[in-house]
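Novice: Dumping the structure here so I can ask a few things about it.
There are 6 protein chains.
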Amino acid sequence: MRENNIKKIWAEGGTVFNGWLASPGSVTAEVMARQDWDSVTIDLQHGLVDYSDAVTMLQAISQTDTVPLARCPWNEPVMVQKLLDAGAYGIICPMINSREECEQFIGACRYFPDGYRSVGPIRAGMYAGPDYITHANTTVLAIAMIETSQAVDKLDEILTTPGLDGIFVGPSDLSVSLGTAAGFDPEFPKVMAAIEHIAERCQHHGIPAGIHTGSVEYALRMQKLGYQFITLLSELRMIQWASGNAIKAFRAGAPSPDAP
Amino acid sequence: MRENNIKKIWAEGGTVFNGWLASPGSVTAEVMARQDWDSVTIDLQHGLVDYSDAVTMLQAISQTDTVPLARCPWNEPVMVQKLLDAGAYGIICPMINSREECEQFIGACRYFPDGYRSVGPIRAGMYAGPDYITHANTTVLAIAMIETSQAVDKLDEILTTPGLDGIFVGPSDLSVSLGTAAGFDPEFPKVMAAIEHIAERCQHHGIPAGIHTGSVEYALRMQKLGYQFITLLSELRMIQWASGNAIKAFRAGAPSPDAP
Amino acid sequence: MRENNIKKIWAEGGTVFNGWLASPGSVTAEVMARQDWDSVTIDLQHGLVDYSDAVTMLQAISQTDTVPLARCPWNEPVMVQKLLDAGAYGIICPMINSREECEQFIGACRYFPDGYRSVGPIRAGMYAGPDYITHANTTVLAIAMIETSQAVDKLDEILTTPGLDGIFVGPSDLSVSLGTAAGFDPEFPKVMAAIEHIAERCQHHGIPAGIHTGSVEYALRMQKLGYQFITLLSELRMIQWASGNAIKAFRAGAPSPDAP
Amino acid sequence: MRENNIKKIWAEGGTVFNGWLASPGSVTAEVMARQDWDSVTIDLQHGLVDYSDAVTMLQAISQTDTVPLARCPWNEPVMVQKLLDAGAYGIICPMINSREECEQFIGACRYFPDGYRSVGPIRAGMYAGPDYITHANTTVLAIAMIETSQAVDKLDEILTTPGLDGIFVGPSDLSVSLGTAAGFDPEFPKVMAAIEHIAERCQHHGIPAGIHTGSVEYALRMQKLGYQFITLLSELRMIQWASGNAIKAFRAGAPSPDAP
Amino acid sequence: MRENNIKKIWAEGGTVFNGWLASPGSVTAEVMARQDWDSVTIDLQHGLVDYSDAVTMLQAISQTDTVPLARCPWNEPVMVQKLLDAGAYGIICPMINSREECEQFIGACRYFPDGYRSVGPIRAGMYAGPDYITHANTTVLAIAMIETSQAVDKLDEILTTPGLDGIFVGPSDLSVSLGTAAGFDPEFPKVMAAIEHIAERCQHHGIPAGIHTGSVEYALRMQKLGYQFITLLSELRMIQWASGNAIKAFRAGAPSPDAP
Amino acid sequence: MRENNIKKIWAEGGTVFNGWLASPGSVTAEVMARQDWDSVTIDLQHGLVDYSDAVTMLQAISQTDTVPLARCPWNEPVMVQKLLDAGAYGIICPMINSREECEQFIGACRYFPDGYRSVGPIRAGMYAGPDYITHANTTVLAIAMIETSQAVDKLDEILTTPGLDGIFVGPSDLSVSLGTAAGFDPEFPKVMAAIEHIAERCQHHGIPAGIHTGSVEYALRMQKLGYQFITLLSELRMIQWASGNAIKAFRAGAPSPDAP
């Protein structure tokens, strides 16, 4: 079975730098996958992406060595399984707030006896190899999102769920849940305290921690805190950032370092 | 009929700053249209975009005041007319190398007696208003691409074609046609000479000139040469530029001004 | 944040006249949105519409001032949230039969602390404005369908669920649930009694009531009963009605007032 | 090979009443095909329909006995052949202005030795039967549009082109070409004179004449003039007409015979 | 209402031979439906098919007398109902492990008072006829998958669930659940024992049994065991089998009976 | 630039065994590409495939080493160029009947000065490498179809067109053009004579010859005649052949060597 390069990077103590796809489109997916991201995640939760889009996007990404991941829309077994069958090499699941929810999520990612995933990896077997069923349980990543105060309260019970491969912090939801404003790269003390606490507990339990960031500067700070799976914005945000800067520079009549 | 804002900008002596869509997708089209571009062009020639994609992209752009344009795949009447019926407010046509070719192109953009466009502006009438047919010939833009040495040779006869609204330089094809390498922002003396010559003849004939550029710096130089319709890269190039810079910065361990 | 025009009409004591989209297609969606409906609802329950269709349909509707709504396929949080993130300004949820079900539905429509909706309004923020997250809980409509005898029995507990913006009667399901035949515009005494009872309880609790009707005549009767959100047929039914009448008239050899 | 019911109706001296599809969508296509139209035409010229849409629409129509036709976007052999291979049982070709253009069009509809259509009726053979290739030349309809003053001038040479099955008048283009305003159901004397002249010459040459109309009243007048293939509006116009009338009636507070 | 031919075959003691669609595509669906299968099942669980694909596939199949079925992705009411509304004449539901799960599944297939399916059979009514609602509960098939050891343990309680029309064995999941390897046509004694036990209990309770097989040879063995609904591979497996054999034969330089 | 493996096989005197895709679908494309075909051709002429389908199919094929080819719908520059920009590594063009037509086709495949292809290989550059423009003219294949008696008459002038990489015989059209019946694997003496003549002239001019066959037996005969690019049926024909045989075998009650 094709190796999961994320596991290899983590085993070597490295940090995964992950791209994010928020819009449907196999061409934008290919463009992102051909950058030097370690992995690219198709977002079926907040991203305007549906399953039929995701299939062609997974095919597009699979032309490259970039690891294809997907965020499922909710902690429900249907889409987790459909995305894995379509060849996602890991699932990020939103809103895991308890051990029970985490078990339900992980169960959908694992064949018997580790879970209740149904057998039929039609495209996954083509992507990964004919021995997919044998090795999938230990290759495919199950990553739970920690993004509410309730999840922070239940952190240890979540982090010790058998089969959990990693967690991913959603800073906007976490901030809102802690009573502050939504947005990338929060600096609110209690949000930052939670982010640091999560990093610390993950290291304690040997679970790689991830987070979604809005800037390289914040990404590097998170890396220093121990985060090993760091997402930066999305393809749509890249368009907005570069276009917005370029238009401003052009209208101002002077090139700018933050624009092409 | 809804005014064509490009005509207004040109009438005031201003420069249109135009975004470019090279991939199919109504979401990326909406994101681009919501930046401060004066217009956005859907590229059906080299862009990986087909007509059915273009319809939803035109709808997405039409939520905003950004003027929706399209580049047709070739100088053929079918797609010119289909794109206009779908609500494009102007067509950029590749590879116009003679007066005859220019007349054929413009004819497809104009109702009788100015051309041979067939009547049936199904979505254009919804976008522009019920008097579309009456005013379309003087509102919708016909922009011819000048991108070969042959076209440069025939420039005056092309620029004086009745009904021509503007021209658009394709620097890659022009460079190749002049025996140099393809690419944005050419500095080869003979290419630059052609670019300057085109600007000069356009001003002489009162035809706004446009060009596709790869940087704000070059765009500003073109503006100074008199170019009034300036395109910068594309949404895919924005993703590549911003992502590539960010990945490099992250891996280098230091933020960079050219990355988010 | 862009105002929700439905709330304004209701605040002024007016009636919302709502169009209905039962088939996928951004062009039919645009045509409907450009009629004088106050709002148009994309039906993802019985309509043959999926989420990826809904995205382009929401973009098409958003070219106009017609308020874009969607009926989610079932009382499940996934699609409620995905449709809101895609820019629906209200959700109609089928088969709300108890307070608990109503709370679950409303929770999916509201950010913390009013509910459990996850933060990430990618297109909604583009449509509504950058302060979407701040005002969404009081702008986006949560409308519960009352369409079973059980729901009628639990009406008061449903109508008093915090955050409920309105209800919508499904006459076919309600009729079947009461033991009579399915169909628009029921006249069965016990169905009519239920419809009147619902109107009365809604007025008592200050909750706008809505209903799906099959004719202007019935729609006007419902308005007189106090219904303030009235849907008429669907785009498919309009095609059937007008085409069917026209074909009959043509074959009969005489124009007819019910045909074009 | 499956019979072409239009030929049968014409052979019996009857009139074909034809529905029109201007938007993409297999569901609206099915709804139209299930009305009592004799045939339904998918419009790839002014309709917002592309070939990939047309394939599923042809499949949807083929569930019924309604004859599936298509209007190709222009007099070019590519789409004529692709639509026939996909199972269209006849092609309406816009803008036939001379014998030569008519021959080119008909040639694309016919296998050797009657034309230059390439062999490979992948779906047509499934729809029509395994002997499709043998009988296609005499079963599939080639219908030329007469919609310019030039075509009226060349009428006899067009009508006598070998293999021509019928003609179809485009009243908007014809009106514009004759110097009057576009629109359905023209009453301008010179347009009406042309319409009558076309009917007369078609009868003389034994070629069934068709026309696109905007009302049953006008359709019946055309039938009396001898037109045997009459199209009424389109599915989009049906939505606009019925919805528009219903909204007006509802807002006026009284049912109306021209609304459901 | 259109008869369900599967019920007729079963009533006559016959065996249904069922084709399987694992990939999206209305053309492959039409090709399969035009073979001599009694029914064809669109697989939305492991198949790479989404609901919007399924709609056009159901339309494609409905051109023929082949019965259109669908496997829903999971035991959840949303997709069961959406597929039935789209015209599926039966649903195969994965992973039914208890009476309670079976009741939930069947309830989604049945209108009140037999279940909780909501009324609105938009395409089903077009396919089946205007009396669809009256007869759907006794025409549309509810088929539960038996594919875990738990289901085998609870077999009698599942088989006696009111409204159950048939069961379908998933040999891969059943094998894995019983501790052996996944794959078609299992020969493991305990899997074979379960398969025989299921056949025996189904005959006892008068419930037709089905199974997914990988070869005609195994299919015939299953028929002898009493299985009356037998699926063979899928359209993708047919491509793999025939292509793979042909390539081998060509490279070996000799035709082979297992290749075209 | 990524090597074109077909050229390598031909240079070594080998035969390319080519799969054929006649229906839209990135999943069937991936399945075909993962068999041991040397190349796979997406058919945009008779295949029910459009450009937007082709883009995802090219991405799907590009996951493998199988060379992606496409048949353009007609000898027109638009689709030739769009397919090359999308990453096709060769174009098969139908109906090349003269030197002039062959030159027009080849010109669309080649950048200046060898042709008139416009520069902008958006996906081709991603697939093939950043030096695509430099090497495309000598890497991308231009293959002309010989399928009429006229083409056979003009064979030498066609085969000596500069830049021609190969030819491909369409046996159905050739048979019809020679006055015999359409179909794969013709045995008519005059068709066979033409096929042998084409092979002989191709060898004389050093141009690899190809042909579309319907069986391994015929394919091997063609290989012996010197054909070096041999296509076998299509994915749809594989489905029909294997399914048809399996159904017959099952209904006959006995396995068969020509069925799975």
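Chains as they are written, first to last, in my numbering: chain A, 117 to 376; chain B, 117 to 376; chain C, 117 to 376; chain D, 117 to 376; chain E, 117 to 376; chain F, 117 to 376.
Think of the CB as a built atom: it goes at the ideal place given N, C-alpha and C, for glycine as much as any other residue.
All of these numbers come straight from a predicted model, not from anything done at the bench.
Determine the DSSP secondary structure at G130/D, reduced to helix, strand or coil.
Specialist: G130/D: coil per DSSP, three-state reduction.
Novice: Whole angstroms is fine: what's the gap from N121/C's alpha carbon to H162/F's?
Specialist: The alpha-carbon atoms of N121/C and H162/F are separated by roughly 50 angstroms.
Novice: How many Å lie between A165/B and T172/B at the Cα?
Specialist: According to the sequence shown, residue 165/B is Val rather than Ala. So the alpha carbons of these two residues sit roughly 11 angstroms apart.
Novice: From the DSSP output, read off the bridge partner residues of H328/B.
Specialist: Its beta-bridge partners are T347/B.
Novice: Check L280/E in the structure and name its three-state DSSP category.
Specialist: If DSSP states are grouped into helix, strand and coil, L280/E belongs with coil.
Novice: Assign Y227/A to one of three DSSP states: helix, strand, or coil.
Specialist: Here Y227/A sits in strand by DSSP.
Novice: Give the residues of chain E in contact with A202/A, contact being defined as C-beta atoms less than 9 angstroms apart.
Specialist: The contacting residues are L164.
Novice: Give me the Cα-Cα distance between Y205/D and V256/D, rounded to the nearest whole angstrom.
Specialist: So the alpha carbons of these two residues sit roughly 5 angstroms apart.
Novice: Measure from the C-beta of I158/C to each C-beta in chain D and report whether the shortest distance is under 8 angstroms.
Specialist: No - not a single Cβ of chain D is within 8 angstroms of the one on I158/C.
Novice: In this structure, does DSSP put T157/C in helix, strand or coil?
Specialist: It is a strand residue.
Novice: Kindly identify the DSSP beta-bridge partner or partners of L257/B.
Specialist: DSSP lists G206/B as partners of L257/B.
Novice: Below 8 angstroms between beta carbons: does that hold for Q220/D and Q179/E?
Specialist: Not closer than 8 angstroms, so no.
Novice: At the level of alpha carbons, what is the spacing between F284/C and G326/C?
Specialist: Spanning the two alpha carbons is a distance of roughly 4 angstroms.
Novice: Using a beta-carbon distance cut-off of less than 7 angstroms, what residues from the region 128–150 of chain B approach chain A?
Specialist: Hits within the stretch, in order: F133, G135, S139, P140, G141, V143, T144, V147 and M148.
Novice: Does the pairing of the region 354–365 of chain D with the region 226–246 of chain E give three or more beta-carbon distances under 8 angstroms?
Specialist: These segments do not touch.
Novice: I'd like to know if F284/A contacts chain B, where contact means its C-beta is closer than 8 angstroms to some C-beta of that chain.
Specialist: No, its Cβ sits nowhere closer than 8 angstroms to a Cβ of chain B.
Novice: Can the beta-carbon of I207/B be found closer than 8 angstroms to that of A267/B?
Specialist: Not closer than 8 angstroms, so no.
Novice: What is the C-beta distance between V156/E and P189/E, in whole angstroms, given that I count them as a contact (C-beta under 8 angstroms)?
Specialist: The pair is not a contact, with the Cβ atoms about 18 angstroms apart (cut-off 8 angstroms).
Novice: Would you kindly work out how many angstroms separate the C-alpha atoms of F300/D and W153/D, rounded to a whole number?
Specialist: If you take the alpha carbons of F300/D and W153/D, they lie about 20 angstroms apart.
Novice: What does the alpha-carbon distance come out to for the pair I259/D and I311/F?
Specialist: In a straight line, the C-alpha of I259/D is about 37 angstroms away from that of I311/F.
Novice: Of all Cβ atoms in chain E, is any one closer than 8 angstroms to the Cβ of M242/D?
Specialist: At least one chain E Cβ lies under 8 angstroms of M242/D.
Novice: If we count the other Cβ atoms within 10 Å of its Cβ and call it buried at 16 or more, is H313/F buried or exposed?
Specialist: Counting Cβ neighbours within 10 Å, H313/F comes out exposed, since fewer than 16 surround it.
Novice: Check whether chain F comes within 8 angstroms of G236/D, counting only Cβ atoms and requiring the distance to be less than that.
Specialist: G236/D counts as touching chain F.
Novice: When you compare the CB of D247/C with every CB in chain D, is at least one pair closer than 8 angstroms?
Specialist: Taking Cβ atoms only, chain D never reaches closer than 8 angstroms to D247/C, which makes this a no.
Novice: Between the beta-carbon of A224/E and the beta-carbon of Q197/E, is there less than 8 angstroms?
Specialist: Yes. Within cutoff.
Novice: Let me know the secondary structure DSSP gives R353/C once reduced to three states.
Specialist: Helix.
Novice: Can you look up I262/E in the DSSP assignment and give me helix, strand or coil?
Specialist: Residue state, collapsed to three classes: strand.
Novice: Please state whether DSSP places A149/C in a helix, a strand or coil.
Specialist: Helix.
Novice: 8 angstroms is my cut-off, CB to CB: does L269/C come that close to chain E?
Specialist: According to the sequence shown, residue 269/C is Asp rather than Leu. No, no contact with chain E.
Novice: At the level of alpha carbons, what is the spacing between M338/F and E333/B?
Specialist: One C-alpha to the other measures close to 59 angstroms.
Novice: Here's a check: name, in chain order, each residue in its chain whose Cβ is nearer than 8 angstroms to the Cβ of T329/D, leaving out the five neighbours to either side.
Specialist: Hits under 8 angstroms: P287, F300, D301, A335, M338, I346, T347, L348 and L349.
Novice: Between Q359/D and chain C, is there a C-beta pair that is closer than 8 angstroms?
Specialist: The question names Gln, but residue 359/D in the sequence shown is Ser. Yes, because at least one Cβ of chain C sits closer than 8 angstroms to the Cβ of S359/D.
Novice: Please classify E351/A as buried or exposed, where buried requires at least 16 neighbouring CB atoms within 10 angstroms.
Specialist: It is buried - the Cβ of E351/A has at least 16 other Cβ atoms within 10 Å.
Novice: Which residues of the region 167–191 of chain B have a Cβ closer than 9 angstroms to any Cβ of chain A? Give them in chain order.
Specialist: Listed in sequence order: no entries.
Novice: Which of the three DSSP states, helix, strand or coil, is assigned to A375/D?
Specialist: Three-state DSSP puts A375/D in coil, outside helix and strand.
Novice: Run the CB neighbour count on E128/E, radius 10 Å, all protein chains shown included, and call it buried at 16 or more, exposed below.
Specialist: Exposed.
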